[in-house]
Each structure stands twice: as structure tokens, then as C-alpha cells.
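Q:
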Amino acid sequence: MKKPVKVIFIVFGVLFLLIIIISLFISPVAKHYIEKNSKDIVGRTVTMDKFRFNLFSGSLKVVGFDMKEQDGQESFFRFDTLSVRVKLFDFLRHKVTVQKIYLSDLHLTVWQKGNEFNFNDIIRKFGSTDTVAEAPRKPSKPWETGIYNIQLRAGNIFYRDLKLGSKWDMTDLNLKIPGVYFSGQETDIGFNLLFADGGKLGSSLQYNIETSAFRIQLDLENFSIRDMLPYLQQNMRLGTLAGSLDAHIHINGDTQHIMNSVIQGKAALRNLDMRDDRQQPALAADSLSMDIKAISLSESTYLLNEFSARGVATMYVMEKDSSSNFTYLLKKSAAPSGTATAKGQSQSAPVHLAIGNVDLRGIHVKFKDNTLQVPFTYEMKDIAIAAKNFDPDRGNDISIKGKLGNTGMADIRWIGNFNDLSNLNLKADFNSVEIKDFTPYSLEYCAYPITAGILTFTSQNTITANMLKGVNDVDIFKCSVDKVNRDVKPVMKVPLKLAVYVLKDRNDKISIDLPVEGDIRSPKFSYKKIIIKTLTNLLVKVSLTPLDFLAGSTGLKSDRLDAIEFTTLQEDFTSAQYDRFSRLASVIQAKPDLVLGISQDINYTQAIKDQSLASLKTDYYIMTKAPGKSADSLDMLSRAAIAQIRDNDPALLQYADMRPDAPVGGDIYTKAMALYRDKVNEQIGKLAEKRNQLLVDYMQAPAASIKVETVALVPGKTYEGKSVFKTSLTLPGEEPMTAPADNDSADDADNR
-8 MKKPVKVIFI VFGVLFLLII IISLFISPVA KHYIEKNSKD IVGRTVTMDK
42 FRFNLFSGSL KVVGFDMKEQ DGQESFFRFD TLSVRVKLFD FLRHKVTVQK
92 IYLSDLHLTV WQKGNEFNFN DIIRKFGSTD TVAEAPRKPS KPWETGIYNI
142 QLRAGNIFYR DLKLGSKWDM TDLNLKIPGV YFSGQETDIG FNLLFADGGK
192 LGSSLQYNIE TSAFRIQLDL ENFSIRDMLP YLQQNMRLGT LAGSLDAHIH
242 INGDTQHIMN SVIQGKAALR NLDMRDDRQQ PALAADSLSM DIKAISLSES
292 TYLLNEFSAR GVATMYVMEK DSSSNFTYLL KKSAAPSGTA TAKGQSQSAP
342 VHLAIGNVDL RGIHVKFKDN TLQVPFTYEM KDIAIAAKNF DPDRGNDISI
392 KGKLGNTGMA DIRWIGNFND LSNLNLKADF NSVEIKDFTP YSLEYCAYPI
442 TAGILTFTSQ NTITANMLKG VNDVDIFKCS VDKVNRDVKP VMKVPLKLAV
492 YVLKDRNDKI SIDLPVEGDI RSPKFSYKKI IIKTLTNLLV KVSLTPLDFL
542 AGSTGLKSDR LDAIEFTTLQ EDFTSAQYDR FSRLASVIQA KPDLVLGISQ
592 DINYTQAIKD QSLASLKTDY YIMTKAPGKS ADSLDMLSRA AIAQIRDNDP
642 ALLQYADMRP DAPVGGDIYT KAMALYRDKV NEQIGKLAEK RNQLLVDYMQ
692 APAASIKVET VALVPGKTYE GKSVFKTSLT LPGEEPMTAP ADNDSADDAD
742 NR
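For what it's worth, the numbering used here labels the leading residue of the sequence shown as -8, then goes sequentially.
#1: Leaving out five residues on either side along the sequence, give the residues of the same chain with a beta carbon under 6 Å from the beta carbon of L678.
#2: Closer than 6 Å by C-beta to A763: which residues in its own chain qualify, once you throw out the five before and the five after it? Chain order, please.
#3: What is the DSSP secondary structure of V764, counted as helix, strand or coil?
#4: Enumerate in chain order the residues of its own chain whose CB-to-CB distance from I286 is below 8 Å, with the five nearest sequence positions on each side excluded.
#5: Short of 8 Å in beta carbon distance, which residues of its chain neighbour M116, apart from the five on each side in sequence? Order them along the chain.
#6: Taking the alpha-carbon of K749 as reference, which of I406, F468, M400, G105 has the nearest alpha-carbon?
#7: Looking only at its own chain, which residues have a Cβ that is under 8 Å from the Cβ of L526, when we skip the five neighbours before and after it?
#8: If you draw a straight line from the C-alpha of G302 to the C-alpha of G444, how long is it?
#9: Need the endpoints of the alpha helix (DSSP H) that L46 sits in, please.
#10: Round the Cβ separation of K372 and K394 to the nearest angstrom and send it over; I've been treating them as touching at under 8 Å.
#11: Please state the DSSP three-state secondary structure of P272.
#12: Which residues in the same chain have their Cβ closer than 6 Å to the Cβ of E700, if we skip the five residues on either side of it in sequence?
#13: Our contact map puts N361 next to E310 with C-beta atoms below 8 Å; I'd like the distance itself, whole angstroms only.
#14: Does DSSP put D364 in a helix, a strand or coil?
#15: Return the residue from the list V365, Q602, S95 that minimises the CA-CA distance to N476.
#16: Helix, strand or coil, according to DSSP, for Q568 in the structure here?
#17: Output yes or no for whether 8 Å exceeds the beta carbon distance between M227 and L321.
#18: Going by beta carbon distance, what residues of the same chain come within less than 8 Å of N408, once the five residues before and after it are set aside?
#19: For R84, name the three-state secondary structure that DSSP assigns.
#20: Between the alpha carbons of N109 and H355, how many angstroms are there, rounded?
#21: Taking the beta strand (DSSP E) that D658 falls in, what are its first and last residues?
#22: Buried or exposed, going by whether 16 or more other CB atoms sit within 10 Å of the CB of N316?
#23: Mapping the DSSP letters down to three states, classify A617 as helix, strand or coil.
#24: Around the Cβ of G234, are there at least 16 other Cβ atoms within 10 angstroms (buried) or fewer (exposed)?
#25: Along the chain, where does the beta strand (DSSP E) containing S235 start, and where does it finish?
#26: Let me know the beta strand (DSSP E) ranges lying completely inside the segment 419 to 467, each 3 residues or longer, listed in chain order.
#27: Should the segment 89 to 97 be called in touch with the segment 67 to 79, which here means at least 3 C-beta pairs below 8 Å?
#28: Take S714 and list the residues in its own chain whose beta-carbon comes closer than 8 Å to its own, dropping the five residues that flank it on each side.
#29: Is DSSP giving L678 helix, strand or coil here?
#30: At 4 residues or longer, and completely inside the segment 572 to 631: list those alpha helix (DSSP H) runs for me, N to C.
#31: Excluding the 5 residues flanking E725 on each side, which residues of the same chain have their C-beta closer than 7 Å to its C-beta?
#32: Going by DSSP, what residue range makes up the alpha helix (DSSP H) through I114?
#33: Could you pull out every residue in the same chain whose Cβ sits closer than 7 Å to the Cβ of A737, ignoring the five residues on either side in sequence?
#34: Taking the alpha carbon of E370 as the reference point, which residue from L446, S450, N397, A576 has its own alpha carbon closest?
#35: What number of angstroms, rounded off, separates the C-alpha of A653 from the C-alpha of L607?
#36: Is the beta carbon of V633 less than 8 Å from the beta carbon of Y646?
Shown next, in the form of C-alpha cells:
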């Protein structure tokens, strides 16, 4: 063998021997070096059970790896086995080929406190401190990179947010990626994991680095949403959050325009339970699900094939400070510094929502109104909401059905455009509703409790070119109202008990029409205000003029029944007066529980003048025509003759002046009142009693149903009107209403 060849063999032999020696000792040396200098390398203590590197096969195996926290006590990152195999000779061809990455029994603990993480020291350790800009380098030949057969088995990741008290434990994390490519081919990644509190997540990702296109599929099963509570508590006063989420989502897009991604799939939330920090229920549901047709965040488009719900329960509570349980649930956020859109900043696209099928069933709503003097609670159950091709920007046809209270039923149909209320049609039917449940409102407005009654309410409201026209038919069967509650201060003074009794027909039914009209664009327009005013005006009208209402409902003339005129000297009634009294008797027969009150309002000033002059004429007649007789013994002819004596008769005036106690001067009335002042009051009273008794005898009504009296003269007050029989209708124990309710009471009620 020639000497040069021999030298070459010796050199290669030595190199080969060195490589063998290095390959034999590199693993223990590297293990020793890493463990001894780990504090300098990563700032943490690192230990390993085994460290094996095969220089010939390009394989690395690490067993029992453990990196401690900064305090050197607890484990931060540990795993059982890491196995990596690389084609070393591919580096010579400007190519990186990782044939295998296998990691098993991973345990990673991450905690966060505000903006600080337990791995920030590692980031700072490897962070660049060189601020000198490097000179641009000549572009090198691009490297071709491929990573194959990536596997993670039985991984565990534990996350803690120390500030919020949140935790996320993901166990049995398994990841399988056939290949990750950074040029040419499409990367296919798949992984799955189990959550410690329940549920599992499976996912697959296909990504092409050259086109930036990706496809993601997420399969989430039985995921507990409880651990989301601390994050929601940042903006909500939540105390409880429970439920499990299933989702099967597909996302297609590209990394260059991530907001243009399109989301499709299905999601369902089961056994939802959401309560505020007072443990008051906010929202619960057996299930909420949606079938997503397409969601585009860039276009703000949300298209759903279906949205359904089952067993939804919620509660709405109104408080006296105008807040509700939902305003309490949402924490007040700091006001933004400005609302104007920044110059050059594009405004977001308007949201477009469309749902092919809306199917909500088994909804239970509990309503509480604590704004009233007596709080009101009402429940609506088994509510079903259905709609086809729902779109707020287009015409919709929505139906709502449900149970009201214990016996009521509701059926509502709404046709219109949510974003344009200028044209719509709303029809509502409420049947068999127990109105005693609404006693807190009757107490609030009238101070009367409702004890019984069944309501049927039919409403048809249409809006055409912003003009509302509505018809509301109210039928109430066997309604009864208890006595007024003196401890409650009502919004409006309305004798509800009397009005209800008067409004009832012979079948114990009340029928009321409440028309509604108005321009919905008017700032003063309020549907509630119109209804309250219309209803209040009706009740007040019935309460103030019940006789007119009852007479009209029984086919009688209702004119002049509330005030029947008479003269102060009248001892009997005229035929016209008897006719009106006869009609009053008919009203009493139709409503036997009513008490008919009739009072003589006498103009005492005029009565004294009339009675004094009548006494003067009577004495003058007896002296001149019937000497020896008394006033009580005069017959009808004599009384007729007295009535024919003229007030300005000279002989009458001469007779008055002849009386020893007659005043000097003055007219005939002055002289008569001076002569008979002492006895006319007694005569006026006797005439009033006679008329009262005559009226009672004629009416032939039970004593409990009619009350006739003369209004007494109040010192210092003089009645100047015509003398009349004033009538009123009341129920036993009720006071008659004598003045209209405040015109602004409905407005006040609307503002409460």
C-alpha cells in the first residue's frame, strides 16, 4: 500500500474513532452540562433521568425531564419522554427534515397575575438586548422545511389566573400532525384533549403556507362553561354559571385576510344556569342550539339555518329607581373618551342577521314590578315563539303563544319590519285571564282590590305610514271589587267598585271598546298613556253619571235624571217630574244593589223670599175672602185664587203696610220677609219633608235602596242655583264621586 493511501486511511480511522468516542460520551456530557448550567442557560433548575443523542441516526431521546419554577420547588414543565429524529445530512442540501417528534405525559403549569406570567423570566432571559441595527445581509438560498409525524400523548396543561381566581385544566391532551410544511405541500394537523371539569375537544387544521388558505374543524363535546365565570365577572355581576357546550364548527379562510373567514356548523348549550351575585336567577335553559349557515365577521353577516331553544326560564324585575335585574347584572363601564369616528377610520358594516327557522318552546318568564306600593308578581309559562325566514331588515311573521298565570292563554301574531316600524300589523288575543292577579295595579291606580273576574282581551293594531289605528275589545266576566283600601294612596280618584257594578250587564259581563289612534312619530305619543287615559275617562264618566249610563243601557232616555228641578213652594210633582222619577225607579230595579241617593238642593235665599210672599198673600186672602179660616183649612180653589194674586197688586202692598211690624219703604219681598221671618224656615222644612215623603212613596223602593234627604243650610254658604233634586248612585259603604279625576293623572301614571 502506498504511503498517501495509508495516511488517508489512518486519518479517516482516527476521525471515525473520534466520532464513535464523541457519540458514546456526548449524551452523558450534555446531560451533565445542561443540569449543571441550567440556571445560567434558562434561569431555572432542570433535571433529567436520561439524555440520549445518536449522532449517526440524528435521534434525540430525553426521559424524565423536569424544569422547576423560579423558586426551585414546584414543577413548571415536565414530561416523561421526548423523542426526536432528524435527517442530519439534509442540512447539507439547505433542507430541514424532522422525521419524528414524540412527546408523552406532558405537565405544564401556567399561572397569571395581571400582566405577569410565571414564564416571563424565561422570555426576558432570551430577549434580545442588542439595539444596534445590523447591516443588511445578502439574501441566502431559502431553506425547505418539513416536520413529520408529530405526536403528543397524555398531555396535561394547568392554567391559573391568580387575580381572577380562574382555572383551566386540560388533561389527556393528544395531538397528531402527519406533517407541517413550509413550502409546497399542505399541512394537516389534528389534536384532541380532555378538560378536567368535563368535556373534550377535537380539532383538525389544513394549511397551505404558499396560498395562506386554511381549513379548521373544531369538535367540542360536553364542555363545562363554569370556568368562564371569572372572565364574565369582569363586566357582569355573576355569581353562578353552569352548563355544557357542544360545537361542531368549520372555519375556512386565509391568514392574510383573517377577518374574511367564513364560519359554519352547529352549536348547542345545555343545562344553562346563570345567576347574579345575589343568587337571583337571570337565565336558565334546558338547551339553546343553532345551525350556522354562514358567519362572516368582515361583513357583519350572521346567517343561521335554525335557532331553537327549549325550557328557557328568566326573570325580569323592575325597581323604583328605574333599574332592573338586568341593569344590575351588567356593570357600568367607563364612558368612552369620544364617540366620533377617527379620521380615516372606516365604520363597521351594519349587522345583517337572518334565521331560516326560529323555534323557541317551553319559555317561562317571571315578571316582578317593585315600583308599585304593593309589589306585583306574574308568571308566563309554556311560551312558544315561531318564525320562518326571520330577517329584521325585511317583513317578518312571528307568532307567540303561551299561558298567563293559572288559567290565561295568549296568542300574538306580529307582521312587520323590526328596523322600520312605520308599517306593521299586530294582533293579540288573551283569554281566560284571572284579573285578580293584577290587584297591585288596581290598588296603585284606584286603591281598590280586585277579588275575581275573567278577562278576554282582543287587540288589532295596524300602523300605516306611521299612523296607528287600533281596536281593543275588553270583555270581563264576573268581575268583583272589594272595598277601597284606605291605606293606599291612589294615582287616580276613581270609584272602581261602583264603575264595575254599573258597567256589568244582566249576564254579569263587562264589555269595553278602547280605540287607539295617533302618529307614532310624535314625541308625546305613548300607547300606554292612551290606553290608561281612555280607560280612566270611561271609568270616571260612568262613576260621575251612572244614571245616564244605566238609563241608556236599559233603553231609557238619560236626559236630566241627575238634576230634576222643582219650585220652593211645590207640594206635589208635575207629570214631567213623575216621568223622570219613574225612570229612576226602573234603574233601581235593574241594579238592586245600588243605593239611590236623592237630595233636595234648595236655594234658601229664594225659598225665604217665595215662602214669605206666599204667607203674606195667604193672610191677605183670608182677611179679604175667607174671614175666620186658617191657612191649613183652605181648599184647592182658595189656593188657586191665592196663586193668582199679583206680586205688584196695590191692595196687597197696602195690606202689608197696615201691619204694625211692617218696615217703612222697600218692595213687597222686603216687607214680606220682615213680617214672616220667624216662621218661614219651619214652613220651608215642612214642604221639603213633604216632597221627600211623597217621592219615597212614589218610588216604592226598598228602604236600603233609596235615600232621600234635604241638604241642610250651611252657615256662611249660600246656594244660588235653581232648586233641584240631585241624584247619585252608590254601593253600600262607597262614597259617591263628585269631581272629575285629575286630567294629568294618566300622565303621572305613565311616568311612574
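Idealized CB from N, CA, C, for every residue including glycine.
A: On the basis of the coordinates in this document:
#1: none
#2: This structure does not reach residue 763, given that the chain is present from -8 up to 743, and the question cannot be answered.
#3: The requested residue 764 is not part of the displayed model; the chain covers only -8 to 743.
#4: V253, I254, Q255, T292, Y293, L294
#5: Residue identity differs from the one stated: residue 116 is Lys in this sequence, not Met. V33, G34, listed in sequence order.
#6: This structure does not reach residue 749, given that the chain is present from -8 up to 743, and the question cannot be answered.
#7: I503, L505
#8: 30 Å
#9: Note, L46: premise wrong, no alpha helix (DSSP H); not H, not E.
#10: 5 Å
#11: strand
#12: S590
#13: So it is a contact: roughly 5 Å between Cβ atoms.
#14: Per the sequence shown, the amino acid found at residue 364 is Gln instead of Asp. DSSP places Q364 in coil when its eight states are reduced to three.
#15: Among V365, Q602, S95, the Cα nearest to that of N476 belongs to V365.
#16: helix
#17: yes
#18: P383, D384, R385, G386, N387, N414, L415
#19: helix
#20: 47 Å
#21: It is not in any beta strand (DSSP E) - D658 carries neither H nor E in the DSSP assignment.
#22: buried
#23: coil
#24: A residue is called buried when at least 16 other Cβ atoms come within 10 angstroms of its Cβ; G234 meets this threshold and is buried.
#25: S235 -> beta strand (DSSP E) spans 229 to 245.
#26: 441 to 455
#27: yes
#28: E556, F557, T558, T559, Q591, D592, I593, N594, Q597, A598
#29: helix
#30: 595 to 616
#31: P486, K488, L489
#32: 111 to 117
#33: Residue placement at A737 cannot be trusted, given a pLDDT of 46 that sits under 50; what the coordinates show is reported in the next sentence. So the qualifying residues of the chain are K520, I523, K524, T527.
#34: N397
#35: 11 Å
#36: It is Ile, not Val, that sits at residue 633 in the sequence shown. No, the pair does not count as a contact, with Cβ atoms beyond the cut-off.
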